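Engineer: Residue numbers (this note's numbering): 11 to 445.
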Ligand SMILES: Cc1cc2nc3c(=O)[nH]c(=O)nc-3n(C[C@H](O)[C@H](O)[C@H](O)COP(=O)(O)OP(=O)(O)OC[C@H]3O[C@@H](n4cnc5c(N)ncnc54)[C@H](O)[C@@H]3O)c2cc1C
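1) For residue 231, name the three-state secondary structure that DSSP assigns.
2) Hey, would you say residue 233 sits closer than 8 Å to residue 246, going by beta carbons?
3) Go to residue 268, then tell me how far its beta strand (DSSP E) extends in each direction, as first and last residue.
4) Which residues does DSSP list as the beta-bridge partners of residue 390?
5) So, with DSSP's three-state summary, where would you put residue 211?
6) Would you be able to state if there are at least three C-beta pairs under 8 Å between the stretch 427-443 and the stretch 72-83?
7) Tell whether a beta-carbon distance below 8 Å holds between residue 284 and residue 400.
8) Relative to the C-alpha of residue 94, which residue among 86, 103, 87, 133 is closest?
9) When DSSP labels each residue in this structure, what does residue 282 get in the three-state scheme?
10) For residue 271, which residues of its own chain have a beta-carbon under 6 Å away from its beta-carbon, when the five flanking residues on both sides are left out?
11) Under 8 Å between the Cβ atoms of residue 67 and residue 87?
12) Answer yes or no: the CB of residue 252 versus the heavy atoms of ligand 1, is any distance below 7 Å?
13) Give the DSSP-derived three-state secondary structure of residue 176 in the structure shown.
14) Taking 7 Å as the cut-off, is the CB of residue 419 close to at least one heavy atom of ligand 1?
15) Is any heavy atom in ligand 1 found nearer than 7 Å to the beta carbon of residue 270?
16) Please specify which runs of the alpha helix (DSSP H), each continuous and at least 4 residues long, are wholly inside the stretch 36-124, giving them in chain order.
17) Can you tell me which of the three DSSP states residue 337 falls into?
18) Scan the stretch 349-405 and note each continuous beta strand (DSSP E) run of 3 residues or more that stays entirely inside, going in chain order.
19) List the endpoints of the continuous alpha helix (DSSP H) containing residue 6.
20) Do residue 14 and residue 237 have their beta-carbon atoms positioned less than 8 Å apart in this structure?
21) Measuring only the C-alpha atoms, how far is residue 395 from residue 132?
22) Can you tell which of 46, 64, 299, 286 has the C-alpha that lies nearest to the C-alpha of residue 376?
23) Whose C-alpha, out of 287, 269, 341, is nearest the C-alpha of residue 61?
24) Might you give, ordered along the chain, the residues of its own chain that have their beta carbon closer than 8 Å to the beta carbon of residue 149, omitting 5 neighbours on each side?
25) In the DSSP assignment, the alpha helix (DSSP H) including residue 434 goes from what residue to what residue?
26) Rounded to whole angstroms, what's the CA-CA distance from residue 323 to residue 402? Just pull it up for me.
27) Using the Cα positions of residue 277 and residue 30, report the straight-line distance between them to the nearest angstrom.
Spelled out as structure tokens, the structure:
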């Protein structure tokens with residue numbers, strides 16, 4: 011039986027390969043970077059692994075938690091309270107039901123409208139019905155424009171920047187739903203989990219299991235060509251240490267951004283046209299090791315424009331002993347590559363963030379022990395209104411070529427959704443390969 015080639019060694023590639031390996035299909039994972047992990051990669055700071063983008067687990071992440079249990083990693087999760095704070099010119103708004111009730115920054119009718127939006131989303135049965143609305147259209151219809159501008163617009167802007175107006179209402183549902191499931195009771199605090207030792211532990215465990223079951227992981231290897239003959243996959247060519255290698259195969263699963271896939275394979279014109287409409291937001295995420303924390307919240311966003319989208323203080327979720335005994339602050343942006351910030355040198359970006367943080371928290375500069383920067387051209391597909399119309403199926407028009415990962419992890423791109431997708435993809439591929 012031919013080997014199945016999985017392109018990309020992020021969570022999508024590794025978990026798909028793991029499920030295939032469990033089905034005895036001996037997958038080969040080909041990863042461009044010198045290690046796996048993709049967007050879940052880590053920085054090594056003074057011997058400690060720290061996620062290069064903040065990554066947490068929600069209580070309702072049943073696929074992720076199931077996988078951690080299967081790999082005997084559930085025991086390594088630590089849990090804390092997730093506080094989410096919006097800083098406005100009229101005062102702070104903390105997104106916990108009790109704090110919203112007692113908030114002086116919101117009037118009683120505003121609180122009522124906010125509750126209506128929350129419960130409508132929480133109780134919605136079919137999120138796909140939201141795909142045809144922008145978040146702005148749907149929220150305004152279910153509250154009013156003032157509520158949208160005061161509360162929801164800053165949240166959406168923190169994620170999608172200047173394109174926030176076009177964001178799909180389904181994405182917004184995806185933000186609210188896991189959170190509502192992360193509370194034991196409605197009034198309870200929202201819980202967030204972290205994998206002690208970083209998500210590297212999950213990637214290493216997956217790699218171990220894949221190789222133990224006869225699969226293979228090839229890193230620092232760039233896919234150059236997927237050969238297709240008579241509308242069927244024939245082989246995959248990749249470059250490693252300057253040499254071109256080829257694997258004969260009739261099954262390829264791509265987990266890389268669709269734009270990168272299109273550089274390696276000629277697909278049907280109408281299919282190419284459709285997936286070319288998917289645009290990715292780049293991500294910049296700076297990590298600071300600080301002498302002390304800045305706020306008491308896990309996540310802070312601002313209604314007034316800053317050089318960054320928001321802040322995440324990981325050590326307000328978990329004890330700093332898990333992160334090298336420093337307070338860990340993430341400063342993030344999801345943006346277009348045409349934006350000025352993206353074009354700056356890494357040092358300049360850190361300087362820009364540091365200057366803005368110094369204005370917000372005078373004395374910030376003196377708190378900094380270390381800083382690191384992570385950038386990725388493909389941070390997340392922009393989940394715009396009508397995304398379902400351009401989202402590709404797992405099965406492509408080419409026999410033996412499949413697509414899985416972030417591009418279909420709609421309405422929310424996270425490990426949990428992607429692991430679920432990976433499981434379903436491995437099932438589909440197994441049935442096709444063995445029929
Ligand atoms: C700042 C930030 C915070 C986040 N927080 C959370 C969170 O708290 N919880 C959560 O669950 N999720 C979170 N996410 C989302 C999560 O990281 C992604 O959904 C997930 O990592 C996407 O996995 P993927 O495998 O689909 O893509 P990727 O991780 O992008 O993997 C794709 C892989 O393909 C490789 N590749 C690309 N081109 C080629 C090529 N030509 N040849 C070979 N290999 C190639 C890349 O190097 C990469 O390793 C966060 C993301 C970001 C950016």
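Every residue gets a Cβ at the ideal spot worked out from N, C-alpha and C, and that includes glycine.
What you are looking at is a predicted structure, and each value in this text was computed from that prediction instead of being measured.
Structural biologist: Judging by the given coordinates:
1) strand
2) yes
3) Here residue 268 belongs to no beta strand (DSSP E); instead the alpha helix (DSSP H) covers 268-272.
4) 291
5) helix
6) yes
7) yes
8) 103
9) helix
10) 264
11) yes
12) no
13) helix
14) yes
15) yes
16) 72-80, 107-112
17) strand
18) 378-391
19) Look at the range of the chain in this structure, 11 to 445, and you will see that residue 6 is not part of it.
20) no
21) 20 Å
22) 299
23) 341
24) 127, 157, 158, 162, 179, 182
25) 425-444
26) 35 Å
27) 25 Å
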